[in-house]
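Numbering (the working numbering), first residue to last: 7 to 501. Down below is the structure, laid out as structure tokens.
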Amino acid sequence: MELLYQSTRSQGEKVTASQAILKGLAGDGGLFVPERIPVPGIPLENFSKMSYKETAYEVMKLFFTDFTEEELKSCIDKAYDDKFDTCEIAPLTEKAGVYYLELFHGATIAFKDMALSILPHLLTVSAKKNNVNGEIVILTATSGDTGKAALAGFADVPGTRIIVFYPKNGVSRIQERQMVTQKGANTSVIGITGNFDDAQSGVKAMFNNKELAKTMKEHNYQFSSANSINIGRLVPQVVYYVYSYAKLLSNGAVKAGELVNFVVPTGNFGNILAAYYAKNMGVPVGKLICASNENKVLFDFFETGIYDKNREFVLTSSPSMDILVSSNLERLVYRIAGDNPEATAGMMSALASEGRYEVTGEMKARLEDFASGWASEEQTASEIKRVYEETGYVMDTHTAVASAVYHDYKEKTKDSTVTVIASTASPYKFGTSVMGAVNSKYKGMDDFELIDELSRISGTAIPKAVEEIRSAPVLHNTVCETEDMQKEVEKILGI
Ligand SMILES: *Cc1c(COP(=O)(O)O)cnc(C)c1O
């Protein structure tokens, strides 16, 4: 049965999955949501013998109904290949009775790879299906992580180009090296003299420049975005929740139908929303535990029903969660409003004008699928140390936020449900903070110096992604003034 998508903010526009992927954002500024959450036609037990790719196909075919079997399988094959350092793709590791779903075995050793490995392929198939000719040009401004994951995903994908702008003095050494060593004839990486906001404004200006769009069209190019609100990023994230539940079944950790809790370190609310969709598909989920760092706008929302971004922005050791506007929360608001686009639009317009909104009592009651908590910088660091000392497992700062929140939750609630923590980055990516937490003698050393030491104390192999950037040649060295960003794009495209 065909599944269509509509905006969270109005009833009118109904589009196919491939159109929703191509457009990214609905015409009224809302997010695309499926008309209903599909349910697998087979029992969950049948998933327990499936590989990651097989699971991916079974889940994605329910959401992307206008893709043929051949199209979808080809996207999946190209995405989940040896860019990942394990054929399990998302391995489940047990330490002291807690399960860690490791989402960091891809090209950039963080969880964005799970979706950005497949999005380029979904996008090019979607373009073909909708008779969009010409090359798709992805423009991205990055504060570090997303840019590299998008570069790795789009590198050498036929029919696409990717241009990434980053603040020359605003990313970590590892992050910069990851980007400037990126291979692929269709990739460009440019440092700008401004900060991240300048990069983002520059990219937005190009997206909205009608003149530029016209010139692009004449040369057979069109812009697109790899933004995290694209349904083509959300749906691939549902897969690993189904996969991990099936793994727990086949390991005998749970019996059929037994509930599992998921703890998710949250920023833009994409990852945990995927878990919520998995629950709505029939995966037996107890609580979805939303973990925040000191930017605890989501914790406050779950506590009070008030979303209020008017607060100080805190820079933490878990930078990918330093967010005050969690875009994907809009999809949850839509659901708890009873799939009501008018109510959702009203709240989002209050968010835009006043920076806050409040859900009704009825809506708040529908949030009982969730629990929430937050961890301070001190708690995050001591959690890394505690888990390392008790189990030998070294986790990154984002995962540690989730782990600290879970520890707290369990103490308070005595909930003994089997629990999976979404582990969103490799500790190698945040070596300075991680090693500084393990032992103060490492404080002040930089990520590169600490790599071998981290490998030694954790007994884990240095990821391929890190080995590579240590020796890889620099392939991109363009730096430009903020006001020259468009000129650089024109130069790259020869227009
Ligand atoms: C992006 C990211 C998150 C937050 O995920 P959301 O889907 O934005 O909530 C958490 N951890 C890491 C390492 C990330 O890169």
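Backbone N, C-alpha and C fix where the C-beta goes; we use that ideal spot for every residue, glycine too. Treat the numbers as computed from the prediction; the structure is a model and nothing was measured.
Item, Value
"Three-state secondary structure (DSSP) of R167", "strand"
"Meets three-Cβ-pair contact criterion under 8 angstroms: the segment 266 to 282 and the segment 290 to 299", "yes"
"Any 3 or more C-beta pairs closer than 8 angstroms across the segment 447 to 466 and the segment 157 to 175", "no"
"C-alpha distance - S123 paired with D83, whole-angstrom precision", "10 angstroms"
"Backbone secondary structure at I115 - three-state DSSP", "coil"
"Separation of A158 from E182, as counted between CA atoms", "14 angstroms"
"Nearest-angstrom Cα separation, counted from R337 out to T71", "20 angstroms"
"Beta-carbon proximity of L481 to K189, cut-off 9 angstroms", "yes"
"Stretch-stretch touch, CB-based, cutoff 8 angstroms, three pairs: the segment 346 to 354 with the segment 321 to 329", "no"
"Rounded straight-line distance, which links the Cα of G238 to that of Y86", "15 angstroms"
"C-alpha gap between K510 and F117, whole angstroms", "Residue 510 lies beyond the range of the chain shown here (7 to 501); nothing can be said about it."
"8 angstroms contact criterion, which P469 and D91 should meet: CB distance rounded", "6 angstroms"
"DSSP beta-bridge partners of N267", "T425"
"Closer than 8 angstroms: A62 CB and nearest ligand 2 heavy atom", "Among the ligands in the structure shown, ligand 2 does not appear; only ligand 1 can be found there."
"I329 CB to nearest heavy atom of ligand 1 below 8 angstroms", "yes"
"Residues near S231 in its chain [Cβ-Cβ closer than 6 angstroms; skip 5 each side]", "G30"
"Residue ranges of each beta strand (DSSP E) within the segment 266 to 332, 3 or longer", "266 to 271, 291 to 298 and 312 to 314"
"Alpha carbon of S250 to alpha carbon of S477, nearest angstrom", "35 angstroms"
"One or two residues paired with S13 in a DSSP bridge", "F38"
"Minimum C-alpha distance to C296 - residue among I501, A377, P49 and T405", "A377"
"Reduced DSSP secondary structure (H/G/I, E/B, other) of I82", "helix"
"DSSP state of S230 mapped onto helix, strand, coil", "strand"
"Beta-carbon proximity check, F319 vs L330, cutoff 9 angstroms", "yes"
"Touch test, the segment 191 to 198 against the segment 169 to 176, Cβ-Cβ under 8 angstroms, three pairs minimum", "yes"
"Host beta strand (DSSP E) of K101 (start-end)", "L98 to K101"
"Which listed residue (I43, Y282 and G35) has its alpha carbon closest to that of L9", "I43"
"Where the beta strand (DSSP E) containing R372 begins and where it ends", "Careful: R372 lies outside any beta strand (DSSP E) and carries neither H nor E."
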